[in-house]
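For any residue, its number in this note's numbering is found by taking its place in the sequence shown, counting from 1, and adding 358.
Even for Gly, the Cβ is constructed at its ideal location relative to N, Cα and C.
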Amino acid sequence: MARAGKKVLVLEKRPVLGGATVSEEVYPGFRYSVFSYVVSLLRPEIIRDLQLPKHGLTILPLESTLTPLPDGDYLYRDSDKWATYRNIQRFSARDADAYGEYGRDMYFMAKAVKYILGIRPPDPTSLHPGELLRLAKLGKHFLGLGADKLHMLVKLMTMSSAEFLEEWFESDPLIATLSSSGIIGTFLGPRSPGSAYVLLHHYMGEIDGVFRAWGFAKGGTGGISEAIASSARAFGAEMRTDSGVAEVAIRNGQVKGVVLENGAEIDADIVVSSLDPKLTFLTLLNPEELPNELVDSVRGFDTYGSSGKVNLALDAAPDLACLPGLGPHLRGAISISPNVDYLERAYDQAKYGQFSEKPYIDVVLPSMIDPHMAPPGKHVMSCFVQYAPYQLNEGTWPEQREAFGDAVVNTLSEYIPNLKKIILHRQVLSPWDIEQTIGLSGGNIFQGELSLSQLFFLRPAPGYADYRTPIRGYYQCGSATHPGGGITGAPGRLAALEILKDGKL
Ligand SMILES: Cc1cc2nc3c(=O)[nH]c(=O)nc-3n(C[C@H](O)[C@H](O)[C@H](O)COP(=O)(O)OP(=O)(O)OC[C@H]3O[C@@H](n4cnc5c(N)ncnc54)[C@H](O)[C@@H]3O)c2cc1C
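Here is the structure:
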């Protein structure tokens, strides 16, 4: 919007910009990607339009995934496809043969679905000719995939990730590790229908045109927010931190500006909220100003969080039992997902209001890729953890937080024997802490489940998936809008295009 010559003011409640995409020096000398930790889904058109590399964005590839197994063995996959073939072959020759074709098919599916990341969802209930045309275009796009791919797409939209993967593979470590992409950020287990879509969502990223690649931003994920902020400033936008918005002011159905938590009033003809719908509609506004069906939809919008984060400052490099010493495996992801039953049991506990004693953990060591993240010889370790249900059956999160941290460290220590000895500091974040710190309702990392009932023209509510609201001049642009969560920039870009189209500025 600033690039289009508009006068833009960004108001951030915290002292630091970036929300869930932020790097902070929590302990002197150790910089953490406190919440989000890897990037892939950031839209290339945004990187280009905002000239982010010129503003400091550098994305370093994260090239491998190591899955350590309880018996001391491991599965290792990296960008060397023959080495990966041989590694998978140790578990199943059939899987090694199928792996390449699976990758190609998922690549194709993700490319096909990627089309919808760049469009405003049409409203299927509208009879407006423009909407009908958009719907027809969408239908044509998907029919163009051909019968086989269309069948695969329907499976991905409806099946569980484990069930979907069992159609391709037979070895448990491979199925489990791949299916973990289907549970990240959701309150679903690998055998829950709907998790295969989340798997596909995580395949849609690209880095420098390399589709499906995951990477690590130099300086941590805050490097991305800082590059976007620097670009925005260069285009004339102003940014104010420590400026929480208490209320959106409206008069006669038209937005008038905002009132800050400190009582200051700021006039504006357009206000755009990047908060989740519960905050956007029910907290910042008086719900009586809104149609009942929207208020009901927002109240029912599922923002139940299920993920936690444990960030560790380490005195030395971790030493894995399965691959001792330093090596390229420490520059990739380490996935604690030895088999599907393990993941499903972790989910079982969460269903009944307990955190998983043996959780799924996705570990990266940012300081192995960018040495500036920690003092020389020391490291930061980012552990994304499931499951940590927002609502505990017994006790509260402030009471249970450290026990959850212990469960994570104890689990990791089974695979990294020197871990306990090298931990200097530990930061444990439950969904409750995530909610308290960055205001994500329920601590849901995507501002709302990526379930079929909350996607596309239903995100965040039927009839309101076009970034507009019933209040004239009030728009929504957070990851609770299409196409959903992750460091994508996509909802913000699509919202800005709609606002500019309305031409009210
Ligand atoms: C623990 C965790 C791990 C994740 N891991 C990854 C990952 O590895 N890769 C990935 O792609 N995605 C990941 N995500 C998801 C990704 O970070 C988010 O989808 C993305 O950052 C959402 O951006 P957003 O701008 O929509 O919302 P947010 O990042 O939630 O930003 C909202 C902002 O609004 C501010 N705010 C709240 N209330 C007010 C108010 N009243 N007034 C003013 N400001 C206010 C908040 O402080 C915050 O800065 C993760 C998220 C979490 C929480």
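Taking only the alpha-carbon atoms, compute the straight-line gap between residue i and residue j and give it to the nearest angstrom.
i    : j    : result
A622 : L633 : 20 Å
P693 : D625 : The sequence given here has Ser at residue 693, not Pro. Computed Cα separation, rounded: 49 Å.
V617 : S601 : 10 Å
A679 : L415 : 35 Å
T754 : E403 : 43 Å
R444 : A451 : 9 Å
R372 : T599 : 6 Å
I565 : L418 : Confidence is the limiting factor: at I565 the pLDDT is only 49, short of 50, which leaves the residue's position unreliable, though a coordinate-based value still follows. If I take the Cα positions, the gap works out to 9 Å.
Q758 : Q749 : 11 Å
I654 : S631 : It should be noted that the sequence gives Asp, not Ile, for residue 654. Cα to Cα, the separation comes out at about 19 Å.
P480 : F500 : 14 Å
Y822 : L816 : 8 Å
G376 : L798 : 13 Å
E772 : G800 : 31 Å
P682 : T442 : 19 Å
I774 : V397 : 25 Å
T516 : H730 : 43 Å
G461 : D455 : 11 Å
K412 : L508 : 40 Å
F569 : Q834 : Residue placement at F569 is flagged as unreliable, the pLDDT there being 47, under the threshold of 50; the coordinate-derived value follows with that caveat. Distance between the alpha carbons of F569 and Q834: 29 Å.
CB-CB under 8 Å to residue i, same chain, minus the five flanking residues each way: which ones, in chain order?
i    : result
N776 : A674, P676 and D677
F639 : P645, L648, L652, V653, V656 and T827
Assuming residue i and residue j form a contact by the criterion Cβ under 8 Å, report the distance between their Cβ atoms to the nearest whole angstrom.
i    : j    : result
N669 : V738 : 7 Å
L420 : V722 : 7 Å
I541 : L701 : 7 Å
S583 : T795 : Going by Cβ atoms, the distance from S583 to T795 rounds to 15 Å, so no, they are not a contact pair.
R747 : F713 : The sequence as given places Pro at residue 747; Arg does not occur at that position. Rounded, the Cβ-Cβ distance is 7 Å, consistent with contact.
Excluding five sequence neighbours on each side, which residues of the same chain lie with their C-beta closer than 6 Å to the C-beta of residue i?
i    : result
V384 : Y390 and Q785
L367 : E596
G831 : Q612, V613, D627 and I628
L852 : R478
R549 : S518, A520 and E702
L643 : V606
A360 : V366, A590, F593, G594 and A595
F545 : Y662 and S664
Could you have a look at residue i and say whether DSSP puts it in helix, strand or coil?
i    : result
G461 : helix
E647 : helix
T846 : coil
L701 : helix
F781 : Sequence check: residue 781 is Ile here, not Phe. Of the three classes helix, strand and coil, the one that applies to I781 here is strand, per DSSP.
F742 : strand
L681 : coil
Y710 : coil
A595 : coil
S583 : helix
Q805 : coil
So, for residue i: in the same chain, excluding its five sequence neighbours on each side, which residues have a beta-carbon less than 7 Å away from its beta-carbon?
i    : result
L532 : L433, I446, F449 and D453
G847 : L400, R401 and I404
E843 : Contrary to the premise, residue 843 reads as Gly rather than Glu in this sequence. Result list for G843: G543, I803, F804, Q805, L808 and S837, in chain order.
F558 : Residue 558 is actually Leu in this sequence, not Phe. Around L558: M467, A468, V471 and L514.
N697 : D530, P531 and A534
A362 : L858
G430 : A679 and C680
With a threshold of 7 Å between beta-carbons, can residue i be considered close to chain B, or not?
i    : result
G580 : Included in the structure is just one protein chain, with no chain B present.
Inside the region 365-439 only - beta strand (DSSP E) runs reaching at least 3 residues: If we require 3 residues or more, the beta strand (DSSP E) runs fully inside the region 365-439 come out as 367-369, 381-385, 388-391, 417-419, 423-426 and 432-435.
In chain order, each alpha helix (DSSP H) run of at least 4 residues that lies wholly inside the region 484-551: Here the runs fully enclosed are 487-501, 505-516, 519-524 and 530-537.
Every unbroken beta strand (DSSP E) inside the region 610-668 [3 residues or more]: Scanning the region 610-668 for uninterrupted beta strand (DSSP E) segments of 3 residues or longer gives 612-618, 623-625 and 629-631, listed from N- to C-terminal end.
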